[in-house]
Amino acid sequence: MLRVERITLREIRLPLKEPFRISSGICTERRICLLELTSSDGVTGWSECVAGEQPNYSDETIDTAWLAIRSWVAPRILKQELEGPGIVHAILERDFRGHRMAKAAVEMGCWELAARLCDRPLAALLGGTRERIVTGISLGLQASPEALVQRARAAVQQGYKKIKLKIAPGADVPYVRAVREALGADVHLMVDANSAYTLDDAEWLRGLDAFDLLMIEQPLGRDDLVRHAALQRLLKTPLCLDESITDVERAQDMITLQSGRIVNIKPGRVGGFAESIAIHDLCRRHGVPVWCGGMLESGIGRAHNVALASLPNFTLPGDLSPSARYWERDIVTPEWTMDGDGMVHVPRTPGMGVAVDMDRVENLTVRSEVLA
């Protein structure tokens, strides 16, 4: 049985080593909501809410998530006798719409706590089978094609096995062409538009077919499936859906409509681990590969993503960059690293496999609240 006695919310401010820019905005510092869940016998588990400061990626923010967790999500779980973490998602979904990132933070914390209580690695509890995960990197928008080429070359030299280029109108085809010509045909490239285009841009986007990309991620509207299906019929490059896939039903719709051929599963976006596993299993049955994207998480969120990406149908490199990619100093020990083969190793110790640096967290905390 799983019983959560209290949940401690903390907001930390974690500065990025350098600004990260996508089509919808720029980030220089992450306001991150951390959750510490404490069981009836004093064991603690950790999770992270991936909601951003502004509602530019999704309609949730750290402030709306904090309110939702305090007012509606946590009360459904606290001091309840739960058979296991697998039932938490259903409890949080009953007569409760939206707020997926808030729900995911609590649900994923329950999984991490359960893994610690049963002395198992989180990856194993989720059904993971991989010991190492191929790692990619996400490069934000740059001021010029030359600047992007410089970043991409450095990423290849560091060992990354997939290079994701953020694109936007005015920073797309010439930029991708420059990178492909500089790196050659053997480097795995993909692009991510974060919904920056419309179907009227279809002919322009067809220019990306010339660069042998692994995928074009979420070029059109964040909740669209129909227009993506029309665009996919015009392109030879596979479309990957991210923002449009919010649950397993949306994934089923994508497959039915042929809106894309790849899915990026971010557990925070879809409401947690249980829904992520359901999407993974559905895609596996239909021969649709999946991979795990990033949301500028701290080492806690990274741990959860690594555990999920150990499942068998995560066959494409994930955005699982080492801690040093984004932070001068992470909030976990050991920090996340990548080996010489471009792989992140899946921890085999109980729980998420890293320890929270409490001194670091306390120093970065700007507000906290105990829910009991």
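Residue numbers for the sequence shown follow our numbering, beginning at 995 and rising by one. Cβ atoms here follow ideal geometry from the backbone N, Cα and C, with glycine treated the same way.
Inset, instruction - Mind checking which residues open and close the beta strand (DSSP E) that includes Ile1026? - result: Translated into the one-based positions of the sequence shown, residue 1026 becomes position 32. First-last of the beta strand (DSSP E) with Ile1026: 1019-1033.
Legend entry - CB of Val1282 within 9 angstroms of CB of Arg1255, strictly: For the purposes of this step, residue 1282 is taken as residue 288 along the sequence shown, with counting starting at 1. For the purposes of this step, residue 1255 is taken as residue 261 along the sequence shown, with counting starting at 1. With contacts defined by Cβ atoms closer than 9 angstroms, Val1282 and Arg1255 form a contacting pair.
Legend entry - Cutoff 7 angstroms; reference His1274; Cβ partners in own chain excluding five residues on either side: Within the sequence shown, the letter at position 280 stands for residue 1274. Closer than 7 angstroms at the Cβ level, and outside the excluded window around His1274, lie Ile1259, Val1284, Leu1305, Asn1307.
Inset, instruction - Measure the alpha-carbon distance for Ala1176 versus Leu1142 and round it to whole angstroms. - result: Taking the sequence shown and counting its residues from 1, one reaches residue 1176 at position 182. Taking the sequence shown and counting its residues from 1, one reaches residue 1142 at position 148. Across the structure, Ala1176 and Leu1142 are spaced so that their CA atoms are roughly 10 angstroms apart.
Legend entry - Of the residues Asp1333, Asp1351, Ser1292, Glu1329, the one placed nearest Pro1009, counting alpha carbons only: Position 15 of the sequence shown holds residue 1009. Each of Asp1333, Asp1351, Ser1292, Glu1329 was checked against the Cα of Pro1009, and the nearest Cα belongs to Ser1292.
Inset, instruction - Inspect the CB distances between the segment 1121-1133 and the segment 1310-1320 and report whether three or more fall short of 8 angstroms. - result: Verdict: yes, contact present.
Inset, instruction - Find out if the Cβ-Cβ distance for the pair Asp1241, Val1264 is shorter than 9 angstroms. - result: In the sequence shown, the residue the question calls residue 1241 occupies position 247. In the sequence shown, the residue the question calls residue 1264 occupies position 270. A contact, by the Cβ cut-off of 9 angstroms.
Legend entry - Straight-line Cα distance separating His1339 from Asp1333: Reading the sequence shown from its first residue, position 339 is the one you call residue 1333. Reading the sequence shown from its first residue, position 345 is the one you call residue 1339. Approximately 8 angstroms, taken between the alpha carbons.
Legend entry - Residues near Glu1124 in its chain [Cβ-Cβ closer than 7 angstroms; skip 5 each side]: By 1-based counting over the sequence shown, the position of residue 1124 is 130. The sequence given here has Arg at residue 1124, not Glu. Cβ neighbours of Arg1124 within its own chain (closer than 7 angstroms, five residues either side excluded): Ser1304, Val1340.
Legend entry - Range of the contiguous alpha helix (DSSP H) that encloses Ser1270: As a position in the sequence shown, residue 1270 is number 276, starting the count at 1. Residues 1267-1279.
Legend entry - Span of the alpha helix (DSSP H) around Ile1071: Along the sequence shown, read from residue 1 onward, the residue named residue 1071 stands at position 77. Per DSSP, the continuous alpha helix (DSSP H) segment holding Ile1071 begins and ends at 1068-1071.
Legend entry - Residue ranges of each alpha helix (DSSP H) within the segment 1029-1114, 4 or longer: Listed in chain order, the alpha helix (DSSP H) elements of length 4 or more contained wholly in the segment 1029-1114 are 1056-1062, 1068-1071, 1082-1087, 1094-1111.
Legend entry - Closest residue to Arg1171 among Lys1155, Gln1144, Ala1204, Asp1186 (Cα-Cα distance): Along the sequence shown, one-based indexing puts residue 1171 at 177. Taking each of Lys1155, Gln1144, Ala1204, Asp1186 in turn and checking the Cα distance to Arg1171, the smallest one comes out for Ala1204.
Inset, instruction - Sort Val1326, Leu1076, Thr1331 by Cα distance to Ala1318 and report the nearest one. - result: For the purposes of this step, residue 1318 is taken as residue 324 along the sequence shown, with counting starting at 1. For the set Val1326, Leu1076, Thr1331, the Cα lying nearest the Cα of Ala1318 is the one of Thr1331.
Inset, instruction - Mind checking who His1339 pairs with in its DSSP beta bridge? - result: Indexing the sequence shown from 1 puts residue 1339 at position 345. Paired residues: Arg1126.
Inset, instruction - Answer yes if the segment 1229-1236 comes into contact with the segment 1198-1215, meaning at least three C-beta pairs across the two stretches below 8 angstroms, and no otherwise. - result: Segments in contact, yes.
Legend entry - For Asp1186, the first and last residue of its enclosing beta strand (DSSP E): Indexing the sequence shown from 1 puts residue 1186 at position 192. Start and end: 1183-1186.
Inset, instruction - State the beta-bridge partners of Trp1285 as determined by DSSP. - result: Here residue 1285 is taken as the residue at index 291 of the sequence shown, counted from 1. Beta-bridge annotation (DSSP): Trp1285 is paired with Asn1258.
Inset, instruction - Give a yes or no on whether the C-beta atoms belonging to Trp1060 and His1093 are separated by under 9 angstroms. - result: Residue numbering aside, residue 1060 sits at position 66 when the sequence shown is read from its first letter. Residue numbering aside, residue 1093 sits at position 99 when the sequence shown is read from its first letter. Not closer than 9 angstroms, so no.
Legend entry - Span separating the alpha-carbon of Ile1085 from that of Leu1003: Position 91 of the sequence shown, counting from 1, holds the residue named residue 1085. Position 9 of the sequence shown, counting from 1, holds the residue named residue 1003. If you draw a straight line from the Cα of Ile1085 to the Cα of Leu1003, it comes to about 20 angstroms.
Legend entry - Which listed residue (Lys1073, Leu1120, Ala1096, Ile1081) has its alpha carbon closest to that of Thr1058: Counting from one through the sequence shown, the residue named residue 1058 turns up at place 64. The candidate whose alpha carbon is nearest that of Thr1058 is Ala1096.
Inset, instruction - State whether the segment 1266-1280 contacts the segment 1186-1198, with contact taken as three or more CB pairs (one from each stretch) at a distance under 8 angstroms. - result: Between the segment 1266-1280 and the segment 1186-1198 there are fewer than three C-beta pairs closer than 8 angstroms, too few to call the two in contact.
Inset, instruction - Pick helix, strand or coil for Val1348, following the three-state DSSP scheme. - result: Along the sequence shown, one-based indexing puts residue 1348 at 354. Looking at Val1348 - three-state DSSP - the assignment turns out to be coil, as it is neither helix nor strand.
Legend entry - Bounding residues of the beta strand (DSSP E) (the contiguous stretch that carries Thr1359): As a first step, residue 1359 must be located in the sequence shown, where it is residue number 365. Taken as a continuous stretch (DSSP letters only), the beta strand (DSSP E) holding Thr1359 covers 1359-1365.
Legend entry - CA-to-CA distance, Asp1053 to Val1185, given in whole angstroms: In the sequence shown, counting from the first residue as 1, residue 1185 sits at position 191. In the sequence shown, counting from the first residue as 1, residue 1053 sits at position 59. Val1185 and Asp1053: Cα-Cα distance of roughly 23 angstroms.
Inset, instruction - For Leu1358, collect the residues of the same chain with a Cβ closer than 8 angstroms to its Cβ; drop the 5 residues on either side in sequence, then sort them by chain order. - result: In the sequence shown, residue 1358 corresponds to position 364, counting from 1. Answer for Leu1358: Ile1006, Arg1007, Leu1008, Ile1325, listed in chain order.
Legend entry - Local Cβ density within 10 Å of Cys1112, reported as buried at 16 or more and exposed below that: Position 118 of the sequence shown, counted from the start, is the residue given in the question as residue 1112. Exposed, by the Cβ-count rule.
Legend entry - Same chain, Cβ closer than 8 angstroms to Glu1237, neighbours up to 5 away in sequence not counted: For the purposes of this step, residue 1237 is taken as the residue at position 243 of the sequence shown. Answer for Glu1237: Tyr1051, Ser1052, Asn1188, Ser1189, Gln1212, Arg1216, Asp1217, Arg1263, listed in chain order.
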